[in-house]
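K.L.:
Could you have a look at this structure, given as structure tokens, before my questions?
There are 2 protein chains.
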Amino acid sequence: MLNYNAPIKTYMDLLELFDYQHDVYDRDSVEAIFNGINKFCQDDYWPANKIGDQEGLVYNPENRSVQMPQSSHHIYQKLKETGAMAMSMPEAYGGGEAPLAVTCLINEMLSSANNAFTMGPGLTEGAIHALLAYGSDELKKDYLAKLVSGEWFGTMCLTEPHCGTDLGLIKTKATVFEDHYKISGTKIWISFGEHDLTDNIIHLVLAKLPDAPEGSKGISLFLVPKFKLDGTRNTVYCGGLEEKMGIHACPTCVMNFEAAEGWLIGEPHKGLAAMFVMMNAARIGVGIQGLALSEMAYQTALLFAKDRRQSRSLDKDKRELDQPADTILVHPDIRRMLLECKATNEAMRALVVYSAIEKDRNGDSDTFGLLTPIIKSYLTERGCHNISLAQQVLGGSGYVKDWHIEQFYRDARIAMIYEGTNGIQALDLVGRKLPKDQGKAFMALMAEIQAKEAGFLDEFKQASMDVRTKLQEAAMWLMTHAVKDPEQAGAVSTRFLNLFALCMLTYMWGLMTAKDASKIPVGKYFIEHILPESQTLLLQIKAGKEAIMKMGHEDF
Amino acid sequence: MLNYNAPIKTYMDLLELFDYQHDVYDRDSVEAIFNGINKFCQDDYWPANKIGDQEGLVYNPENRSVQMPQSSHHIYQKLKETGAMAMSMPEAYGGGEAPLAVTCLINEMLSSANNAFTMGPGLTEGAIHALLAYGSDELKKDYLAKLVSGEWFGTMCLTEPHCGTDLGLIKTKATVFEDHYKISGTKIWISFGEHDLTDNIIHLVLAKLPDAPEGSKGISLFLVPKFKLDGTRNTVYCGGLEEKMGIHACPTCVMNFEAAEGWLIGEPHKGLAAMFVMMNAARIGVGIQGLALSEMAYQTALLFAKDRRQSRSLDKDKRELDQPADTILVHPDIRRMLLECKATNEAMRALVVYSAIEKDRNGDSDTFGLLTPIIKSYLTERGCHNISLAQQVLGGSGYVKDWHIEQFYRDARIAMIYEGTNGIQALDLVGRKLPKDQGKAFMALMAEIQAKEAGFLDEFKQASMDVRTKLQEAAMWLMTHAVKDPEQAGAVSTRFLNLFALCMLTYMWGLMTAKDASKIPVGKYFIEHILPESQTLLLQIKAGKEAIMKMGHEDF
């Protein structure tokens with residue numbers, strides 16, 4: 180049977196590996212919480228997942244409303260009861276002040292069982308973070324408690340038809356109105372922009388004031404509620420829903436702001452900083468989505484491989500001759516695909532917990548900043564790759580809807596795109612996070628890994644030294660070439676991020692196998708069959724920009 | 180604007196590269212045919228593609244019938260008029276006797292514009308090949324002409340609920356009835372098993388006779404028409420349609436044979452050989468599907484990248500300061516993704532034409548046999564990978580339905596699975612095709628490449644020597660390890676196939692760049708940024724089966 184998330188034991192093992200400590204959320208109480216969420220996932224959240232995919236949403240143009248499937252209403256109530264939504268938030272607003280190490284694992288559970296719905300509370304969390312960091316006391320008093328309790332949902336309204344990545348181009352306008360503002364413009368791809376789940380929807384909207392400087396330095400952030408505090412309807416409306424590859428039960432809306440009333444969050448023209456508070460919180464969550472669906476796909480494929488019988492083992496001694504054929508788990512290529520998933524999933528989850536504990540201990544440190552784009556990009560890319568491998572294990576059963584794997588792929592594929600495409604994550608890494616303070620955080624992390632290698636088992640020590648040396652060589656290449664030619668950084672950024680990720684996953688395998696011998700076989704698969712990718716990546720990095728940039732536009 | 184297939188010029192260039200010659204289908208007449216098909220694709224076939232995806236099919240349980248979208252009826256008529264369907268078939272049955280080099284390029288065009296529909300004529304072609312090779316004169320006389328003209332469609336009924344890859348397990352039974360047989364059993368995943376396009380549907384069905392030996396040596400092939408020649412309805416019915424990730428306008432049917440009347444094709448118990456005639460013809464076609472949709476995805480992404488403006492070039496000299504931002508084609512990571520597609524697509528297409536001309540010249544040679552699993556597996560795997568890269572170029576626009584890329588992925592994903600999963604292709608390569616006659620065909624191909632290298636440009640000569648040496652080293656590793664331990668062959672089979680493919684694509688780039696200097700920039704991208712994957716593959720191969728096979732079933 181499927182777990183509908185990773186087994187709770189793997190979570191608890193990781194908390195122990197990284198010496199998780201907390202007065203309130205101690206390990207016993209955390210395990211109890213995990214078990215509660217797991218039950219909710221099995222009983223309610225997962226069953227609603229397929230219904231949501233098939234039923235989708237209904238847009239009513241007459242009153243510009245969006246009707247969610249009945250199953251979504253049910254799980255919304257149930258999810259509120261679990262208390263998971265408020266768990267990380269400050270006590271002052273009704274939250275539980277749980278550490279990230281706990282909430283990120285809960286996030287994995289929720290995304291595993293129902294990725295489309297989890298977007299709603301996820302974005303609400305992003306809006307809360309921005310309000311907490313930059314909102315006035317009055318805005319906090321008026322809005323935070325109901326967002327924290329989940330009575331209201333929040334959104335992040337950034338993208339416009341002509342701009343996504345380059346937010347300096349936005350055209351949505353804000354003009355002064357009484358003691359606040361009126362907002363006019365069109366936003367697209369607004370997740371949970373409109374729906375009938377909550378009494379109110381609180382939009383956080385990027386717009387430009389009349390005196391705004393050009394580009395991204397002229398963006399301000401506004402709070403625009405669907406219903407104002409006096410109960411009257413604000414003039415923000417959903418203009419339609421997108422038809423998408425997946426996450427069909429997540430309403431992706433065109434939002435029209437028709438001189439809607441809004442309140443400034445933070446200072447004028449300083450909206451980008453507040454937006455990054457929303458985005459950074461969300462990026463770890465998006466990375467986790469890739470891992471979550473990869474885990475579900477792996478479990479599904481394993482279940483299938485243990486049950487399905489086709490052909491005979493190539494090793495005569497392994498044949499079950501009382502059966503008409505052997506389970507496909509005996510076939511090397513099937514095992515290769517499963518191990519590819521397992522060996523990356525386990526290390527990616529360890530990296531999430533490692534990073535979360537770094538944040539719990541040291542706040543928004545430069546180390547956490549370095550790891551954020553890696554988690555967002557690598558976990559979503561490898562996650563989608565793994566789902567496709569798991570789909571392949573099922574053969575034709577992976578392509579039809581019965582086993583859900585094709586939905587996992589469709590639901591996961593967006594994670595490589597939203598909250599900053601993976602290409603943007605790689606640029607964030609090589610352009611901002613890596614060179615910050617002359618690479619201080621990077622060097623400290625390399626020194627930490629080097630120090631820990633002493634405690635690794637031999638094979639893992641060797642592997643870690645090897646990939647760490649490659650990564651440092653690549654960083655040196657960047658220093659030499661990219662400082663004087665930023666196109667060099669752009670050309671190798673994705674490969675550098677992936678090499679960095681392989682170094683971190685090797686680090687995680689070194690730690691895990693040193694602590695728990697039962698992890699060695701899967702760790703060895705990682706070292707022998709996945710780590711060799713670092714060879715290719717280093718060669719690609721050293722090839723630099725030449726072949727990439729020389730082509731004329733007309734030669735493509 | 181999209182071409183709805185690769186530009187005709189690229190096809191003509193490849194025919195010239197491989198010195199294509201034909202009395203009837205000379206290059207001028209071929210170009211005219213290509214232009215005709217291209218017009219059909221643009222005017223009719225492509226517009227029906229999205230309609231088919233959205234409308235899908237209607238199953239009527241009362242009379243167990245399947246209703247195709249109206250658009251499919253329209254293109255069925257139009258496609259017949261183009262003459263493309265009969266083009267490769269013998270003149271005696273109304274065909275055009277066109278060489279494979281021509282029809283495989285036409286296949287690419289058709290799959291590009293409408294992959295779901297192309298399955299219908301594609302499977303009909305497979306059925307025709309089997310009938311031609313093994314059918315009695317009477318069966319040929321009764322059925323071939325109408326299949327060749329496209330008046331009737333054919334199917335391949337192999338898979339059953341409990342067996343797909345391992346056809347030795349089939350349970351469908353045949354018993355003698357008058358001068359022919361009655362067939363009883365259930366087949367699943369039968370593409371175009373039932374529909375309302377053609378007056379009759381001719382099923383080619385694997386079943387077991389009462390005296391059949393166990394396993395795959397006891398399979399016979401039968402022809403089971405939906406309507407018998409006297410016009411009465413045969414008792415073969417569609418039990419339902421599969422819900423699938425993609426190819427929504429391709430009816431994937433459960434077929435129930437309820438003592439349906441059937442006629443033996445070939446000898447009793449020798450059905451597997453006839454089935455391989457169907458499969459081998461189809462495998463090249465399936466590989467082409469991967470290429471076709473990868474080409475469409477690339478063109479779509481390029482169109483988008485030339486139009487979409489976001490952010491500024493990292494190189495100040497390339498900035499278009501009269502515009503609010505630069506086209507995203509200036510950004511290195513966007514170019515990387517596009518070049519990844521272009522550098523593989525062009526070489527994969529060359530490999531198709533190279534292989535087709537080998538077949539046109541030497542028939543079903545061992546060299547053609549060696550290339551068939553490579554084309555089926557590598558083109559579909561790299562094709563899906565490329566579509567995902569192209570989707571990434573579009574960002575959010577790649578995830579919504581407007582730009583079709585998400586449909587290309589969904590429609591292409593099945594190609595890695597059907598007609599023998601890619602894993603099975605790899606086993607076919609290392610287990611059958613490679614070792615045949617002590618590797619004679621492989622060695623001859625390596626010698627051919629080595630001889631041609633003399634004419635390559637320096638960089639391409641070096642690259643070809645390098646990857647060829649690696650491939651030969653891998654083949655030697657296989658000889659040493661896999662002969663005495665078949666699990667070693669199974670463990671490295673997929674990596675070996677991919678390394679072989681890289682060697683062939685490098686060969687193609689060597690030939691193309693030696694002939695046409697305008698190809699050098701893209702060829703260089705291939706050498707510097709894709710070929711390094713061969714490093715990883717060789718390391719993975721040399722790691723062998725140990726980490727893959729050692730894990731206990733319970734440790735997964």
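Protein chains in written order, with my numbering: chain A, 180 to 735; chain B, 180 to 735. Virtual Cβ for every residue (Gly too), placed ideally from N, Cα, C.
#1: Near Pro392/A, what residues of its chain come up, given a Cβ to Cβ distance below 8 Å and the 5 sequence neighbours on each side ignored?
#2: Note down, in chain order, every chain B residue with its Cβ under 7 Å from the Cβ of Asp345/A.
#3: Quick check on the burial criterion: 16 or more other C-beta atoms within 10 angstroms. Buried or exposed for Asp223/A?
#4: So, at 8 Å on beta carbons, what are the nonlocal neighbours of His308/B in its own chain, with the 5 sequence-adjacent residues on each side left out?
#5: So Tyr224/B is in the alpha helix (DSSP H); what residue range does that whole segment cover?
#6: Helix, strand or coil: which one does DSSP assign to Gly442/A?
#7: Using only the alpha-carbon positions, how far apart do Leu568/A and Leu517/A sit?
#8: Under 8 Å, Cβ to Cβ, is there at least one residue of chain A near Gln719/B?
#9: List, in order along the chain, the chain B residues whose C-beta lies closer than 7 Å to that of Gly305/A?
#10: Consult DSSP for Met335/B and reduce its assignment to one of helix, strand or coil.
#11: Rounded to whole angstroms, how far is the Cβ of Ala661/B from the Cβ of Ala668/B, which I believe are closer than 8 Å?
#12: Consider the Cβ of Gly577/B: report whether some Cβ of chain A lies at a distance smaller than 8 Å.
#13: In the segment 261 to 328 of chain B, which residue ranges form an unbroken alpha helix (DSSP H) of at least 4 residues, counting only runs that do not cross its ends?
#14: Could you tell me which chain B residues have their CB closer than 9 Å to the CB of Phe406/A, listed as they occur along the chain?
#15: Any beta-carbon of chain A closer than 8 Å to the one on Gly418/B?
#16: Applying the criterion that 16 or more other CB atoms from any shown protein chain within 10 Å of the CB defines a buried residue, is Glu304/B buried or exposed?
#17: Using the beta-carbon count (16 or more within 10 Å), is Arg647/A buried or exposed?
#18: If you check the beta carbons only, do Gln671/A and Ile720/A fall under 8 Å apart?
#19: Using a Cβ cut-off of 7 Å, which residues of the segment 675 to 708 of chain A contact any Cβ in chain B, in chain order?
#20: Could you check how far apart the C-beta atoms of Met264/B and Pro226/B are, in whole angstroms? I think they sit under 8 Å.
#21: So with CB distances below 7 Å, who are the chain A contacts of Glu712/B?
#22: Tell me which residue opens and which closes the beta strand (DSSP E) that Lys361/A is part of.
#23: What is the residue span of the beta strand (DSSP E) that Phe705/A lies within?
#24: Please list the terminal residues of the continuous beta strand (DSSP E) segment that includes Val646/B.
#25: Kindly indicate the opening and closing residues of the alpha helix (DSSP H) around Asn184/A.
#26: So, is the C-beta of Asn228/A closer than 8 Å to a C-beta in chain B?
#27: Any idea if Phe587/A is buried or exposed, counting beta-carbon neighbours within 10 angstroms, 16 or more meaning buried?
#28: If you draw a straight line from the alpha carbon of Gln570/A to that of Met595/B, how long is it in whole angstroms?
#29: Please tell me whether His359/A and Gly235/A are closer than 8 Å, where the distance is taken between their beta carbons.
#30: For Asn228/A, which residues in the same chain have their Cβ closer than 6 Å to its Cβ, ignoring the five residues on either side in sequence?
#31: Can you name the start and end residues of the beta strand (DSSP E) that Ile381/A belongs to?
#32: Taking C-alpha atoms, which residue in Gly364/A, Val245/A and Trp368/A lies nearest to Lys580/B?
#33: Suppose you measure from the CA of Thr523/B to the CA of Lys538/B; what does that come to, to the nearest Å?
#34: Is it buried or exposed for Val509/A, if we count other Cβ within 10 angstroms and need 16 for buried?
#35: Whose Cβ in chain B lies nearer than 7 Å to the Cβ of Leu348/A?
P.N.:
So, from the listed chains and residues:
#1: Setting aside the 5 residues that flank it on each side, Pro392/A is surrounded in the same chain by His448, each with a C-beta closer than 8 Å to its C-beta; the list follows chain order.
#2: Gln489, Ser490 and Ala504
#3: buried
#4: Non-local beta-carbon contacts of His308/B in its own chain, meaning distances under 8 Å to residues more than five positions away in sequence, involve Val456, Met457 and Ala460 in chain order.
#5: Premise fails: Tyr224/B is in no alpha helix (DSSP H) and is neither H nor E.
#6: A quick correction: the sequence has Trp, not Gly, at residue 442/A. Reduced to three states, the DSSP call for Trp442/A is strand.
#7: A direct Cα-to-Cα measurement between Leu568/A and Leu517/A gives close to 8 Å.
#8: yes
#9: Correct list: empty, because the minimum Cβ distance to chain B is about 17 Å.
#10: strand
#11: 4 Å
#12: Output row for Gly577/B: interface = yes.
#13: 279 to 292, 294 to 313 and 324 to 328
#14: The premise fails here: Phe406/A is roughly 28 Å from chain B at the closest Cβ pair, so nothing lies under 9 Å.
#15: no
#16: buried
#17: buried
#18: Here residue 671/A is Val; the residue named in the question, Gln, does not match the sequence. Ile720/A sits close to Val671/A, with the two beta carbons spaced by under 8 Å.
#19: Pro700, Lys703, Tyr704, Glu707 and His708
#20: The C-beta distance from Met264/B to Pro226/B rounds to 20 Å, too long to meet the 8 Å contact threshold.
#21: By Cβ distance, chain A contributes Thr715.
#22: His359 to Ser370
#23: Taken as a continuous stretch (DSSP letters only), Phe705/A belongs to no beta strand (DSSP E), as it is neither H nor E.
#24: Unbroken run through Val646/B is the alpha helix (DSSP H), Asp637 to Ala661; no beta strand (DSSP E).
#25: Run containing Asn184/A: none; DSSP gives neither H nor E here.
#26: Taking Cβ atoms only, chain B never reaches closer than 8 Å to Asn228/A, which makes this a no.
#27: buried
#28: Their Cα atoms are separated by approximately 10 Å.
#29: no
#30: Asn293
#31: Ile380 to Ala386
#32: Nearest in C-alpha terms to Lys580/B, of all of Gly364/A, Val245/A and Trp368/A, is Trp368/A.
#33: 22 Å
#34: Counting the other CB atoms within 10 Å of its CB gives Val509/A a total of 16 or more, which places it among the buried residues.
#35: Pro503 and Ala504, listed in chain order.
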